[in-house]
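Colleague: Protein chains in written order, with our numbering: chain R, -16 to 426; chain A, -16 to 426.
The C-beta atom is built at its ideal place from N, Cα and C for all residues, glycine as well.
Here the structure is a predicted model, which is why all the values come from computation and not from measurement.
One structure, pasted below without further comment.
Number of protein chains: 2
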Amino acid sequence: MNSIKERDRKNVHAGKAAGVAGTGEHRAHGDGAMTGQLPVPHVKELPGGVTAPKGFRAAGIHCGVKQSKKDLCLVVSDAPASAAVVLTTNRVQAAPVLVTREQMQRSRIFRAIVVNSGNANACTGERGMNDARAMVGATASALNVGPDQVLVSSTGVIGQFLPIGRITEGIKKAAAVLSSEGGRSAAEAIITTDTFVKEYALEFDCDGVRVTMGGMAKGSGMIAPNMATMLAFVTTDASVSPAVLGSALSRAAGRSFNRISVDGDTSTNDMVAVLANGRSGAGSLTEAGGPRYEAFYAALEQMLVTLSKLIVKDGEGATKFIEINVTGARDEEEAVKAARAIANSNLVKTAIHGEDANWGRILAAVGYSGIEFDPSKVEIYFGSVPILRRNYTIDFSEEEAKKVLGRKEITITVSLHEGEGSASFWTCDLSKEYVAINANYRT
Amino acid sequence: MNSIKERDRKNVHAGKAAGVAGTGEHRAHGDGAMTGQLPVPHVKELPGGVTAPKGFRAAGIHCGVKQSKKDLCLVVSDAPASAAVVLTTNRVQAAPVLVTREQMQRSRIFRAIVVNSGNANACTGERGMNDARAMVGATASALNVGPDQVLVSSTGVIGQFLPIGRITEGIKKAAAVLSSEGGRSAAEAIITTDTFVKEYALEFDCDGVRVTMGGMAKGSGMIAPNMATMLAFVTTDASVSPAVLGSALSRAAGRSFNRISVDGDTSTNDMVAVLANGRSGAGSLTEAGGPRYEAFYAALEQMLVTLSKLIVKDGEGATKFIEINVTGARDEEEAVKAARAIANSNLVKTAIHGEDANWGRILAAVGYSGIEFDPSKVEIYFGSVPILRRNYTIDFSEEEAKKVLGRKEITITVSLHEGEGSASFWTCDLSKEYVAINANYRT
Chain R
-16 MNSIKERDRK NVHAGKAAGV AGTGEHRAHG DGAMTGQLPV PHVKELPGGV TAPKGFRAAG
44 IHCGVKQSKK DLCLVVSDAP ASAAVVLTTN RVQAAPVLVT REQMQRSRIF RAIVVNSGNA
104 NACTGERGMN DARAMVGATA SALNVGPDQV LVSSTGVIGQ FLPIGRITEG IKKAAAVLSS
164 EGGRSAAEAI ITTDTFVKEY ALEFDCDGVR VTMGGMAKGS GMIAPNMATM LAFVTTDASV
224 SPAVLGSALS RAAGRSFNRI SVDGDTSTND MVAVLANGRS GAGSLTEAGG PRYEAFYAAL
284 EQMLVTLSKL IVKDGEGATK FIEINVTGAR DEEEAVKAAR AIANSNLVKT AIHGEDANWG
344 RILAAVGYSG IEFDPSKVEI YFGSVPILRR NYTIDFSEEE AKKVLGRKEI TITVSLHEGE
404 GSASFWTCDL SKEYVAINAN YRT
Chain A
-16 MNSIKERDRK NVHAGKAAGV AGTGEHRAHG DGAMTGQLPV PHVKELPGGV TAPKGFRAAG
44 IHCGVKQSKK DLCLVVSDAP ASAAVVLTTN RVQAAPVLVT REQMQRSRIF RAIVVNSGNA
104 NACTGERGMN DARAMVGATA SALNVGPDQV LVSSTGVIGQ FLPIGRITEG IKKAAAVLSS
164 EGGRSAAEAI ITTDTFVKEY ALEFDCDGVR VTMGGMAKGS GMIAPNMATM LAFVTTDASV
224 SPAVLGSALS RAAGRSFNRI SVDGDTSTND MVAVLANGRS GAGSLTEAGG PRYEAFYAAL
284 EQMLVTLSKL IVKDGEGATK FIEINVTGAR DEEEAVKAAR AIANSNLVKT AIHGEDANWG
344 RILAAVGYSG IEFDPSKVEI YFGSVPILRR NYTIDFSEEE AKKVLGRKEI TITVSLHEGE
404 GSASFWTCDL SKEYVAINAN YRT
């Protein structure tokens, strides 16, 4: 079985991701909606992750939740930072999700995020809530900040109590080794079944001042629209008011984490958090509009889309990365619905895995997506090869189709010819390895 | 890899299916909703299928759509029969579905159903419509009945034109060999990737008169709520007005074919049709109510639930049959939503495949199903073994859980403790074989 994983970072850094920010609103800059190739101006990719921006330190250590791998991390801002958070929509919410929501109701200015992996602290009742609060308290003590300035997150097995003593001891140790070089360690400490570490950084120009943004993510399995078992933490030295940061995050998450699917499930612990500490010295963003805001928003969307794609590429057992572009829908919402139905179809995902140009399954998925369209007007492309033309005209070379489907990255474009709505969605194929990994996760 | 398939018919005939009609409305008779064990009174299972009732003949032959297997069947009533039909809700509808809808708009009294397998006649435009009408015409000629008295159905590959000459020739041949023993042949001629033939028959008492009902089905893969690639044809010698037959079919399909899932996709060709020719001599049903109607409805629901379960058991690559019972929901609709989310979760299905008591994935699926509930009140049972108790109390023997999960038929019960709503849903596990079968279906 080949793997796409080794190639991921390279492809992303080669600018493949950048164009995705060209969908939707950004189509004004050119096209890009179908091909995802248009780079957003002024954004430059950097090595590193959450400690790339000025004024952030981090650490990742082993404290004893997992047997030997890193399982605890701290991300700390040297200055009070505006915070914005998106949390899982699952009705079953883990204790750290509930505690983070409480924290965000008290304040929008934070100094630190503490995360453990290996244990989700979910379905753990009152004791779980106390444990999550203890993580906040221990972090606040170790950093000498207020307990209302710490966000908390967990990922791992559901229904087991945290080894809270080991974790609070670990927090002291992690605080002692915080470093502006610690981003990679932190990214290593948040992963579970992931097969590679996910981080990304970029810089952009804000009125002549260089602003930096860094991020890390945890994915693999249970990734779906509405934020399945997925964590992402983003830092930036931009100066952004909490309200503006919140609206930018909400919009960008809708076009990134809510447009990826590995297996259609959502989970109890999902969280995306952004901290903005203003240390770049760039002017403050206090309104959601204007060229400076748009530059910031484009950078944030590029960051979240890139992290989202890395998560899809690490989908359990994935051997192919699939980009689905729906164009010509009556509006963007219908385009998203159609793209999501295709992305979540096991039959489409297994056909792609088998490199079979089964356009009938794609059309059938659009058919049950709930949108309005005339099937006889639909056109389907694999890469640039037209597979289905209007009036059900099928006239493609199996050889050419096989060539496209033999690649590790496949673009499927569905043109509905009903209107101007378009959307991109990212998913992976469904392999026997997915079944093998998930059949025995818990035991 | 073990297979459950050989055991299916025996289990069904041993009365396992009967109790399912005890859910919902039928709870008034006792409980049965959770265990599915309550038999419906007065219903007796019989051998055979669509030719078990009086006045029906059938034939199944090879005409040349497939390479060598049977691919064409006729089911004929010797007397004009009331008809009721349920068709796919997919926006992409095959030509035979569109033609059958036209036919049903003209009349509710029919004499025959013609079905081919191997080619779905879907996405074939005007030529496909003409081909479906030609099937109707050829059948009417061969049987010497009006062209408004024939229903048509197809299943198989999408996007290819029918070899209509071979099919119309085949229709003549099939008409020449119609027989009251032909039910099995007919059932053989409608299957595609199915690994076993699906038929079922029963009789029940109607005011001292014996009424018989027979059915056959085609499934395997792409089965989901709202009727995926799935065909079912039911005959009965009951006397039922078209309107009453329509309302009984609509209700029973909602509790059978719309409560099964193999992979969550729906297709272009699904159809359930019932013909009732009155040849039993029992009094006519012209109102949807009263004990005679309830006896007929119970028999029809048992027929459709049994055929539905046979389809699930033949799910592609399935090694385990899973019954999901949700109880204590706020109403039946919410119970169905929760049960469907569990049944469609790849993570739940792979965990069951791996015999892993991963209750967290079940709870998470209920969490994103969109229903209202308090997670801390939820209880989950595997068979009769409590796995999760209220307040997230987990106190089960892995050994006992393994024993239940090692079986070929597994019942999962989720008690929400929010109200009186309950529902059953049937699905199968997700295996590596599913991926293997679906990765190379078309080529």
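1. What are the boundary residues of the beta strand (DSSP E) that A/I395 is part of?
2. Between R/T251 and chain A, is the shortest Cβ-Cβ distance under 8 Å, so that the two count as touching?
3. Could you check whether the Cβ of A/H336 sits closer than 8 Å to any Cβ belonging to chain R?
4. Start and end of the beta strand (DSSP E) containing R/V82?
5. Pull up the DSSP beta-bridge partners for A/L371, would you.
6. Under 8 Å between C-beta atoms, does A/Q240 make it to chain R?
7. By Cβ distance, which residues of its chain are closer than 8 Å to A/G350, with the 5 residues on each side in sequence left out?
8. Counting C-beta neighbours from all protein chains within 10 Å, is the total for A/S244 16 or more, i.e. buried, or is it exposed?
9. Taking C-beta to C-beta, are A/F187 and A/V180 nearer than 8 Å?
10. By alpha-carbon positions, which one of A/T219, A/M286, A/S224, A/R84 ends up nearest to A/E270?
11. Is the separation between the beta-carbon of A/A265 and that of A/G165 shorter than 8 Å?
12. Of all the alpha helix (DSSP H) runs that stay within the bounds of the stretch 248 to 312 of chain A, which reach a length of 4 or more residues?
13. Check whether chain A comes within 8 Å of R/F356, counting only Cβ atoms and requiring the distance to be less than that.
14. Within 8 Å (strictly less), CB to CB, does R/Y276 reach chain A?
15. Among the residues of its own chain, which have a CB less than 7 Å from the CB of R/M286, if the five just before and after it don't count?
16. Considering only the alpha carbon of each residue, which of A/C106, A/A159, A/S168, A/I150 lies closest to A/G142?
17. Skipping 5 residues on each side, what residues in its chain have a beta carbon closer than 6 Å to that of R/G261?
18. Pick from R/L228, R/L330, R/E317, R/M213: whose alpha carbon is nearest that of R/V295?
19. Can you confirm whether the stretch 76 to 90 of chain A touches the stretch 276 to 284 of chain A when touching is taken to mean that 3 or more C-beta pairs between the two stretches lie within less than 8 Å?
20. Do you know offhand how far R/Y375's Cα is from A/V257's?
21. Would you tell me roughly how many angstroms separate the C-alpha atoms of R/T396 and R/L232, rounded to the nearest one?
22. Pull out every residue of the stretch 69 to 91 of chain R whose Cβ sits closer than 9 Å to any Cβ of chain A, in chain order.
23. Taking the DSSP output, what are the residues bridged to R/G202?
24. At what residues does the beta strand (DSSP E) containing R/T219 begin and finish?
25. Give the DSSP-derived three-state secondary structure of R/N(-15) in the structure shown.
26. Mark R/D177 as exposed unless 16 or more other C-beta atoms lie within 10 angstroms of its C-beta, in which case mark it buried.
27. Taking 8 Å as the limit between beta carbons, can you name the residues of its chain near A/N127, skipping five residues before and five after?
28. Report the rounded CA-to-CA distance for R/E201 versus A/A324, giving the unit in angstroms.
29. In terms of residues, what are the limits of the alpha helix (DSSP H) holding R/P462?
30. Any beta carbon of chain A sitting closer than 8 Å to that of R/M17?
31. Quick one: Cα of R/K292 to Cα of A/A235, how far?
32. Distance, Cα to Cα, R/E401 vs A/S367?
33. From the beta carbon of R/K415, is the nearest beta carbon of chain A less than 8 Å away?
34. Apart from the five residues on each side of it in sequence, which residues of its chain come closer than 8 Å, Cβ to Cβ, to A/G31?
35. To the nearest angstrom, how far is it from the Cα of R/P130 to the Cα of R/I154?
36. Report all residues from its chain with a CB closer than 7 Å to the CB of A/P63; omit the five preceding and five following residues, and keep chain order.
Modeller: In terms of the structure at hand:
1. It spans 392 to 398 - the beta strand (DSSP E) in which A/I395 sits, taken as one unbroken run.
2. Against chain A, the CB of R/T251 has a partner CB under 8 Å away; the residue lies at that interface.
3. True, the Cβ-Cβ gap to chain R drops below 8 Å.
4. In this chain, R/V82 is not harboured by any beta strand (DSSP E); it is covered by the alpha helix (DSSP H) spanning 78 to 89.
5. Assignment of beta-bridge partners to A/L371 by DSSP yields A/I363, A/I377.
6. It should be pointed out that residue 240 of chain A corresponds to Phe in this sequence rather than to Gln. Not one chain R Cβ lies under 8 Å of A/F240.
7. Within the same chain, and ignoring the five residues on either side of A/G350 in sequence, the residues whose Cβ sits closer than 8 Å to its Cβ are P358.
8. With 16 or more other CB atoms across the displayed protein chains lying within 10 angstroms of its CB, A/S244 is buried.
9. Inclusion of A/F187 and A/V180 in the CB contact set at 8 Å is not warranted, their separation being larger than that value.
10. Ranking the options by Cα distance to A/E270, first place goes to A/S224.
11. Result no, Cβ atoms of A/A265 and A/G165 do not sit closer than 8 Å.
12. Scanning the stretch 248 to 312 of chain A for uninterrupted alpha helix (DSSP H) segments of 4 residues or longer gives 273 to 296, listed from N- to C-terminal end.
13. By this cut-off, R/F356 is an interface position.
14. It does not: the Cβ of R/Y276 has no partner Cβ on chain A nearer than 8 Å.
15. Here the set comprises Y183, L185, M196, G198, V217.
16. Closest by C-alpha distance to A/G142, out of A/C106, A/A159, A/S168, A/I150, is A/C106.
17. The beta carbon of R/G261 lies closer than 6 Å to those of S222 in the same chain, with the five residues before and after it left out.
18. Shortest Cα-Cα distance from R/V295 to any of R/L228, R/L330, R/E317, R/M213 involves R/M213.
19. With a cut-off of 8 Å, the stretch 76 to 90 of chain A and the stretch 276 to 284 of chain A do not count as touching, because too few Cβ pairs lie within range.
20. Straight-line Cα distance between these residues: approximately 31 Å.
21. Near 27 Å, if we compare the C-alpha coordinates of R/L232 and R/T396.
22. For the stretch 69 to 91 of chain R, the residues whose beta carbon sits under 9 Å from a beta carbon of chain A are, in order, T71, T72, N73, R74, V75, Q76.
23. Partner(s): none; R/G202 has no beta bridge.
24. Counting along the chain, the beta strand (DSSP E) containing R/T219 begins and ends at 214 to 219.
25. Annotation note: pLDDT 37 at R/N(-15) (below 50); position unreliable, coordinate value reported separately. Of the three classes helix, strand and coil, the one that applies to R/N(-15) here is coil, per DSSP.
26. Here R/D177 is buried: its Cβ has 16 or more other Cβ atoms, across all protein chains shown, within 10 Å.
27. For A/N127, where only same-chain residues beyond five positions count, there are no Cβ hits under 8 Å.
28. Reading off the sequence, residue 201 of chain R comes out as Lys, not Glu. If you draw a straight line from the Cα of R/K201 to the Cα of A/A324, it is about 24 Å long.
29. A question about residue 462 of chain R goes unanswered here, because the residues of chain R that appear run from -16 up to 426.
30. Only weak support exists for where R/M17 lies, its pLDDT of 34 falling under 50; the value from the coordinates is given anyway. Residue-level contact check: R/M17 does not touch chain A, since none of the beta carbons of chain A fall below 8 Å from its beta carbon.
31. C-alpha separation (whole angstroms): 44 Å.
32. Using only the alpha carbons, I get a separation of about 52 Å.
33. It does; some Cβ of chain A falls within 8 Å.
34. Within the same chain, and ignoring the five residues on either side of A/G31 in sequence, the residues whose Cβ sits closer than 8 Å to its Cβ are G166, R167, E182, A184, G197.
35. One C-alpha to the other measures close to 14 Å.
36. Apart from the 5 residues on each side of it in sequence, A/P63 sits with its Cβ closer than 7 Å to the Cβ of I92, R94 in its chain, given in chain order.
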